[in-house]
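One line per chain: the protein sequences are A and B, in this order.
Count along the first sequence starting at 1, add 1286, and that's the number in the working numbering.
Count along the second sequence starting at 1, add 1226, and that's the number in the working numbering.
These notes are about the structure you will find just below.
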Amino acid sequence: MSAQRAEADAERPDQQSPPAGREPGRVGSTLAAVRDGSGLLSLLAVVLALVLGAVLIAVADPRVQETVTYLTARPSDFLGAVGSAVGGAYTALLQGAVLDWTASTPARVVRPITETLTVATPLIAAGLGVALSFRAGLFNIGAQGQIILGAVLAGWVGFALELPVGLHLLLALVGGVLGGALWGGIAGGLKARTGAHEVIVTIMLNYVALRLVEFLLTLGAFQREGQANPISPPVAGSAQLPQLLGTGFRLHAGLLLVLLAAAGVWWLLERSTTGFGLRAVGANPAAARTAGISVPRSYVTVMLLSGGLAGLAGAVHLLGTEDSLTAGIAGSFGFDAITVALLGRSRPGGVVLAGLLFGALQAGGVSMQARTGTPIDIVLVVQSLIVLFIAAPPLVRAVFRLRDPQARGARA
Amino acid sequence: MSLPSATSTAPTAAASPPSGDEARPSRRGSVVMAVLTAVGLLSFVLLASGGTSTLSLSSSRDVVSLPDLVLPSRWASAVLLVVCAALTGLAAARTAAGRRTPRWVVPVFGAVFVLAFLVWVVAGARVSLVSLLGGTLLLGAPLVFGAMAGVVSERSGVVNIAIEGQLLLGAFAAAVVASLSGTAYLGLVAAPVGGMLIGLLLAVFTVRYLVNQIIVGVVLNVFAIGLTSFLYSTVLSDNAGWNSPTGLPQLPIPVLSSIPVVGPVLFAQNLLVYLMYALVAGLHVALFRTRWGLRLRAVGEHPKAADTVGIPVARTRFRAVVLGGAIAGLGGASFTLGASAAGLAFNREMTAGSGYIALAAMIFGRWSPLGALGAALLFGFASNLQNVLSVIGTPIPSQFLLMAPYLATIFAVAGLVGRVRGPAAAGVPYEK
């Protein structure tokens, strides 16, 4: 089996980045990415996804549907309707994601970008976790469940314990990380011990986590007093993450923690022995084993870390944004994190950028829905298309009629 | 991109220490059975409240009406658990003798154990066995279709995580076409087309562009959710007539449906359920008894060998994935057209993770149509039982019942109830 796996690795068509062993450092690899056109391809993938999203918006617009019936008589009406539908939606998206230049006060002008950062915070943390597992050759689809467990433990520490100011927050964060690590560790442990495939185990653990939090919220210890809805008491003030820009904005110190985590993951992967081992296992488990790296131990380590980062996402989201635990605490962060990790090409810097982009799409989507009535679901379509296109460079090249820089006659 | 490449959903032994699983039968199976029996004895018999469990066997409409089955809960559970213990003993004896446990032991153990559980859980109440089992079939139908889609696709070597999206688009297409045409049966024609669309995308990206199959599957699910939710809140909500489908009528089969218990459960269903019977039986025969099936499995197990003897690997996989999409799409129709005779309007994310349970059922059923059928129906039973128990009240929280299929699957892939092994080449792109 292991021989087959190694063989499969060897047969894998070399994708965008050079093999890990020959990596010429961070700046060098970025340059190489630009030279090979993968940076350009990422941009084109985003453009293509936005264009397809625009088609969908236009098709669903009642005015467009109306004007298309007399398209040949007055094409300008049709084009105008398409323009106003698509333009209106995307303008609102931009206003909701970056700067609202039509707003009356300076605070309102810059609020959208702080919203983007707020939404991006848990996305980046969970995306880092998923990316880390990718680098070690594992597919952690379970960020959703790990976020839930992180939020449960962080929340419980936050509302059930009474501790001094600094310590309370610290303990709540640690609780969150441990909760996620526990949930990820189950998958890692089973993979290492029995070979159970982590994709299946983590998908199943997502649902177990959801049912678990639903169950916990029926218990007295988690139920807010005088509330029929399944919602926990609010987190104590001493366990909340401080607001960065005052009370008018939702942006909280979780962002700084998450950026710190990104730097930590970069250091771990690129500079530490552990990280080298993880990457070696990801590149070729058979060779790693031959070199004396314990593959099962690497699997457990990476799933603990990966789950811990997702748990951090749950903790910062709860302690910074939500304040109380509900069954829907994880939203769709866990699944978005997978796309964020893919878009960021499993590199910490890339994940931060991808998280910001998806945060912008989410935050902008909310305002777009409010202003133009275009449902926020379009954001899901655009996000999934972006990842699909990024994953299939030949398709994007074919659409834009670009040449394949790797086709130097070696490969038919 | 630094992504994992060998990604079969089958457990790979790469990481596990050489345990010699192939050489001798595992003892884990009997240990798990023994633990379950002990847990059952403790909770169903010793700690049970007593009383009687009443299972009604016929409804008022039946031609032949049977009396209610009234069982003393504790004793009935005890008898059933003794059977479980006997089966455990048999399995342990076979393992000790170094022989394989017969295949029927684990499913029979599971059925008897579930029955013991049922007797315990309905103690002091009256439950209609017919509606319990009939509902199982209704709730299990999309899982069965989804699991079949997974079997076809994965047997050809392509992991199908996108079952969820295929079900969702099938449900959507079925609802819209049935509403616009006014005929549920036309919806049944449209559903596979919807699922096929996702299947086609999966095939293009995994077979043509060799993108990692798990990535594409996950992303296509997001895509399907986004697309259907977007159209639901725009086109479907703007045009009221687009989302008011009529359901499939019940078609009782003349003689068979009047058999007590079995008749109303199996033979008084709608066309979709009958199609399901045909599909499972047909697929099982096709996969293991025909040339098509042999080739499909060859491509999934060892594509290079298949290629060498002239089987077109890419084309076989492409067609299998698209076929799988169509099957799952048809299953999606059970959400909108099959759920009730009145029909159900499409709603955003109405499949609610069924695709992932179907995936679990496929693994639990060891990539065989009949096994997957059994697993899907077991999961359908669990969710239907949860519905029933939420009415009569239960000794265990409903969330744990809902968790059961997922935990069972984790146990299955972890090899605690006998190792499951999928097609060897599933997840591995093939390039000449």
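For every residue, glycine included, the Cβ atom is placed at its ideal position computed from N, Cα and C.
So, are the CB atoms of residue i and residue j less than 8 angstroms apart?
i       : j       : result
B:G1421 : B:I1387 : no
A:A1495 : A:G1431 : yes
A:A1613 : A:E1500 : yes
A:T1402 : A:A1646 : yes
B:A1375 : B:G1551 : yes
A:L1409 : A:F1686 : no
A:M1490 : B:I1451 : no
B:L1477 : B:L1457 : no
B:L1341 : B:L1306 : yes
A:H1483 : B:V1445 : no
B:A1651 : B:P1538 : no
B:A1494 : B:S1483 : yes
B:T1509 : B:S1382 : For the sequence presented, residue 1509 of chain B should be read as Leu rather than Thr. It is not a contact, given that the beta carbons lie outside the stated cut-off.
B:Y1435 : A:L1334 : no
A:A1417 : A:A1678 : no
B:L1359 : B:V1491 : yes
A:V1637 : A:L1456 : no
B:R1320 : B:R1329 : no
A:V1668 : A:G1466 : no
B:A1337 : B:S1279 : no
A:G1563 : A:S1584 : yes
B:S1256 : B:T1314 : yes
B:S1424 : B:L1462 : In the sequence under discussion, the amino acid at residue 1424 of chain B is Ile, which differs from the Ser named in the question. No, they are not a contact pair.
A:V1602 : A:L1643 : no
B:R1300 : B:V1271 : yes
Run down chain A in chain order and give the residues with a C-beta less than 8 angstroms from the C-beta of residue i.
i       : result
B:P1623 : F1501, T1504
B:V1442 : L1674, A1677
B:T1635 : I1486, M1490
What does residue i pair with, by DSSP beta-bridge criteria?
i       : result
A:I1517 : A:T1612
B:S1279 : B:L1297
B:S1354 : B:S1282
B:Q1476 : B:N1496
A:Q1529 : A:H1538
Using the beta-carbon of each residue, which ones in chain B are nearer than 9 angstroms to residue i?
i       : result
A:L1643 : In chain order: nothing, as chain B lies at least about 15 angstroms away.
Cβ closer than 7 angstroms: which chain A residues qualify as neighbours of residue i?
i       : result
B:A1640 : L1476, T1480, A1482
B:G1255 : Here the premise fails: no neighbours, minimum Cβ distance about 13 angstroms.
B:L1628 : R1497
B:G1579 : Y1493
B:I1660 : This structure cannot speak to residue 1660 of chain B, because chain B is shown only from 1227 to 1658.
B:A1445 : Ala is not the amino acid found at residue 1445 of chain B; the sequence shown has Val there. Simply T1625, S1670, V1673, L1674.
Who are the neighbours of residue i on chain B, taking C-beta pairs under 7 angstroms?
i       : result
A:D1663 : G1452, S1455, F1456, S1459
A:V1337 : Going along chain B, no residue has its Cβ under 7 angstroms from A:V1337, so there is no contact; the nearest lies around 15 angstroms.
A:L1628 : I1441
A:L1342 : F1456
Listing by chain order, which chain A residues have their CB less than 9 angstroms from the CB of residue i?
i       : result
B:D1464 : A1346, P1348, Q1351
B:Y1582 : I1489, M1490, N1492, Y1493
Note down, in chain order, every chain B residue with its Cβ under 8 angstroms from the Cβ of residue i.
i       : result
A:Y1376 : None at all; the shortest Cβ gap to chain B is about 15 angstroms.
A:L1671 : F1449
A:P1680 : Y1435
A:V1667 : F1449, G1452, L1453, F1456
A:F1619 : Residues of chain B passing the Cβ test: none, with the nearest at roughly 13 angstroms.
(message) Give the list of continuous alpha helix (DSSP H) stretches no shorter than 4 residues that lie fully inside the region 1536-1604 of chain B.
(response) Counting only runs of 4 or more, we get 1539-1559, 1580-1590.
(request) Would you check if there are 3 or more beta carbon pairs closer than 8 angstroms linking the region 1577-1590 of chain B to the region 1365-1373 of chain B? (result) Short answer: they touch.
(request) For the region 1376-1430 of chain A, list the alpha helix (DSSP H) runs that are entirely contained and at least 4 residues long, ordered along the chain. (result) The region 1376-1430 of chain A contains these whole alpha helix (DSSP H) runs: 1392-1421.
(message) Does the structure place the region 1432-1449 of chain A close enough to the region 1564-1575 of chain A that three or more beta carbon pairs sit under 8 angstroms?
(response) No, because fewer than three Cβ pairs between the region 1564-1575 of chain A and the region 1432-1449 of chain A fall closer than 8 angstroms, the two stretches do not touch.
(message) Which runs of the alpha helix (DSSP H) at least 4 residues long sit entirely within the region 1459-1520 of chain A? Give them in chain order.
(response) Qualifying alpha helix (DSSP H) stretches, in chain order: 1484-1502.
(request) Please determine if the region 1360-1375 of chain A and the region 1327-1343 of chain A are in contact, where contact requires at least 3 C-beta pairs separated by less than 8 angstroms. (result) Short answer: they touch.
(message) Contact between the region 1554-1571 of chain B and the region 1461-1474 of chain B is defined here as three or more beta-carbon pairs at a separation below 8 angstroms; is this criterion met?
(response) Segments in contact, yes.
(request) Report yes or no: do three or more beta-carbon pairs, one from the region 1605-1612 of chain B and one from the region 1457-1477 of chain A, lie closer than 8 angstroms? (result) No, the region 1605-1612 of chain B does not touch the region 1457-1477 of chain A.
(message) Does the contact criterion of 3 or more C-beta pairs under 8 angstroms hold for the region 1375-1392 of chain A versus the region 1652-1669 of chain A?
(response) Touching, yes, given that three or more Cβ pairs across the two stretches are closer than 8 angstroms.
(request) Would you mind listing the alpha helix (DSSP H) stretches within the region 1549-1581 of chain A that are 4+ residues and don't spill past its ends, in chain order? (result) Entirely contained in the region 1549-1581 of chain A, the alpha helix (DSSP H) runs reaching 4 residues are, in chain order, 1559-1569, 1571-1576.
(message) Pairs of beta-carbons, one from the region 1391-1402 of chain A and one from the region 1544-1555 of chain A, closer than 8 angstroms: are there three or more?
(response) As far as the Cβ criterion goes, the region 1391-1402 of chain A does not touch the region 1544-1555 of chain A, which means the pair count is below three.
(request) Flag this pair as touching only if the region 1416-1432 of chain B and the region 1622-1632 of chain B have three or more C-beta atom pairs under 8 angstroms; answer yes or no. (result) No contact exists between the region 1416-1432 of chain B and the region 1622-1632 of chain B.
(request) Scan the region 1433-1469 of chain B and note each continuous alpha helix (DSSP H) run of 4 residues or more that stays entirely inside, going in chain order. (result) With a minimum length of 4 residues, the continuous alpha helix (DSSP H) runs that stay inside the region 1433-1469 of chain B are 1439-1457.
(request) Entirely within the region 1625-1688 of chain A and at least 4 residues each: give me those alpha helix (DSSP H) ranges in chain order. (result) Qualifying alpha helix (DSSP H) stretches, in chain order: 1634-1658, 1663-1677, 1679-1686.
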